[in-house]
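Under numbering that gives the first Met the number 0, the sequence shown has 61 at position 62, and the numbering climbs by one with no breaks.
All residues carry an ideal CB built from backbone N, CA and C; glycine is no exception.
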Amino acid sequence: MKIDSKDPAAELALNLAPMIDVVFLLLIFFMVATTFSEQEKQMDLDLPSAESGEVAAPETKDIEVFVLRDGSIQIEGETVNQDRMVEIFARAARENPETPVTIRGDKIAQLQVVTDVMDACRISGLRDIGISTVDK
């Protein structure tokens, strides 16, 4: 009777391909997540706080409007004037009238600028307007 003298440990092999796949997926996830937060960090916004409210669930791609301390308005990283803002909103309303608009205004920004943004939404036909705040 012949006994196989092979070492059982030599037959075991660790397949690293699934682990490498997971590492790459995590790397891509963190790169994308960091890219989204960079835009907000560059703007130096201090959002107002709210005692009540509800968290909006992202259903469609919304338009984020940033109202800065100096009264300037940025949409998609571009500083815009009133006419350009209405043009962007009108184009979005033609594509989807239900497009949500989120206004992120600095708490010391003039309220008139936020009102102008809301008026531009109304003129363009966008009705789903939200104002972003932070919890107290």
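Next on the checklist: I'd like to know whether the C-beta atoms of I122 and V85 end up nearer to each other than 9 Å.
Outcome noted: yes
Item to check | Secondary structure of R121, DSSP reduced to three states | outcome: helix
Checklist entry - Between S131 and I102, is the Cβ-Cβ spacing less than 9 Å? => result yes
Item to check | For I87, the first and last residue of its enclosing alpha helix (DSSP H) | outcome: Q81 to E94
Item to check | Residue from V21, N14, D69 and F23 with nearest C-alpha to K106 | outcome: D69
Next on the checklist: Give me the residue from R93, D82 and V100 with the minimum Cα distance to K60.
Outcome noted: V100
Checklist entry - Which residues in the same chain as V113 place their Cβ atom closer than 8 Å to its Cβ, once the five residues preceding and following it in sequence are excluded? => result V66, I102, G104 and I130
Checklist entry - Whose C-alpha, out of N95, A16 and N80, is nearest the C-alpha of R126? => result N95
Next on the checklist: According to DSSP, T78 sits in a beta bridge with which residue or residues?
Outcome noted: Q73
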